[in-house]
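Student: In my numbering, the protein residues as written are 3 to 310. For glycine and all other residues, C-beta sits at the position ideal for the given N, C-alpha and C.
(1) Assess, as a yes-or-no matter, whether the region 122 to 129 is touched by the region 91 to 102 under the definition of 3 or more beta carbon pairs within less than 8 Å.
(2) Please report the distance separating the alpha-carbon of residue 208 from that of residue 162.
(3) Evaluate residue 251 with the Cβ neighbour count: other Cβ atoms within 10 Å of its Cβ, from every protein chain shown; 16 or more gives buried, anything less gives exposed.
(4) How many angstroms separate the CA atom of residue 157 from the CA atom of residue 231?
(5) So what's residue 296 in DSSP terms, helix, strand or just coil?
(6) Please state the DSSP three-state secondary structure of residue 113.
(7) Mind checking which residues open and close the alpha helix (DSSP H) that includes residue 264?
(8) Comparing alpha-carbon positions, which option in 168, 194, 32, 245 lies nearest residue 45?
(9) Which whole-angstrom value describes the C-beta separation of residue 28 and residue 17, a residue pair presumed to lie in contact below a C-beta threshold of 8 Å?
(10) Examine the Cβ distances between the region 264 to 282 and the region 178 to 186 and report whether three or more of them are shorter than 8 Å.
(11) For residue 141, which residues of its own chain have a beta-carbon under 6 Å away from its beta-carbon, when the five flanking residues on both sides are left out?
(12) How about residue 82 and residue 21: do their beta carbons lie closer than 7 Å?
(13) Kindly indicate the opening and closing residues of the alpha helix (DSSP H) around residue 205.
(14) Among residues of its own chain, excluding the 5 on either side of residue 227, which ones have a beta-carbon nearer than 6 Å to its beta-carbon?
(15) Look at the alpha carbon of residue 114 and the alpha carbon of residue 76, and state the distance between them as a whole number of angstroms.
(16) Measure the Cβ-Cβ separation of residue 255 and residue 294 and say whether it is below 7 Å.
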């Protein structure tokens with residue numbers, strides 16, 4: 003468990019929530035709130051210049067597009083339907099109204115693809131700061147007849163699967179990705195997904211999160227991990243796929259019997275690849291092409307790595 007996960011667990015343990023009102027609380031990709039007639043789910047993500055984008059190289063439309071899509075990817079991570087969004091932006095002194103319009107174009111373009119409009123927000127001037135910060139919050143609803151898929155349901159013997167190809171986000175894919183909302187819903191309707199996440203902080207880190215939440219372990223097969231073209235151009239393609247993060251593909255576990263048909267047919271034009279198996283033994287291990295087995299610690303992005 004990395005530092006970010008430890009502080010998340012601390013927040014959860016120090017925030018008592020009534021499960022009758024909040025069926026899913028702190029620690030998953032979204033929280034679930036029970037309201038009259040049903041439930042809504044809520045997620046939020048903040049993006050900062052220098053961490054998630056570089057304003058000297060990336061356009062404001064690209065930044066807005068990514069800001070909405072990382073939130074929509076959380077909806078995909080639980081197989082839910084996006085409803086609407088609100089946003090908050092902290093502006094550095096060199097940005098004004100025309101810049102905000104460009105940012106808004108990117109945000110609304112991403113949301114329009116999933117019928118998720120921005121319905122409100124807040125703007126504040128960040129005096130003395132030279133960097134942009136944007137935070138969006140998205141509400142979603144469960145699919146009719148399908149419960150939101152949590153990360154804590156993986157079972158021993160499950161197949162570990164991913165959509166698409168991994169690695170190479172640093173070569174620009176993190177700005178132009180399409181969140182797998184439709185694919186997640188299609189998967190949840192076709193198969194009984196036991197655990198589901200989007201790969202945001204890297205396969206190695208996010209699989210550890212599923213295993214920790216589900217009190218199990220996993221074994222990956224290196225030769226089966228699908229590598230993107232961008233990853234293949236990296237110095238170490240496998241490391242890029244395991245640790246780079248911001249792939250925003252789906253990572254899920256499903257019963258062995260259901261994995262084969264999903265892999266054979268794919269989903270929404272995307273390949274589905276079985277990359278490993280859930281085990282009773284805790285921890286994550288990887289079998290290399292030569293048969294050697296190594297422990298695989300979480301190696302993706304940790305927002306608190308350098309902080310106490």
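Tutor: This is what the structure gives:
(1) Segments in contact, yes.
(2) The alpha-carbon separation between residue 208 and residue 162 amounts to approximately 12 Å.
(3) buried
(4) 32 Å
(5) The answer is strand: DSSP assigns residue 296 an E or B state.
(6) helix
(7) That run of the alpha helix (DSSP H) goes 258 to 267.
(8) 32
(9) 6 Å
(10) Verdict: yes, contact present.
(11) Taken in chain order, the residues that qualify are 42, 44, 85, 86.
(12) The answer is no: Cβ separation not under 7 Å.
(13) 205 to 216
(14) 243, 277
(15) Taking the straight line from one Cα to the other gives about 16 Å.
(16) Cβ distance not < 7 Å, so residue 255 and residue 294 don't count as in contact.
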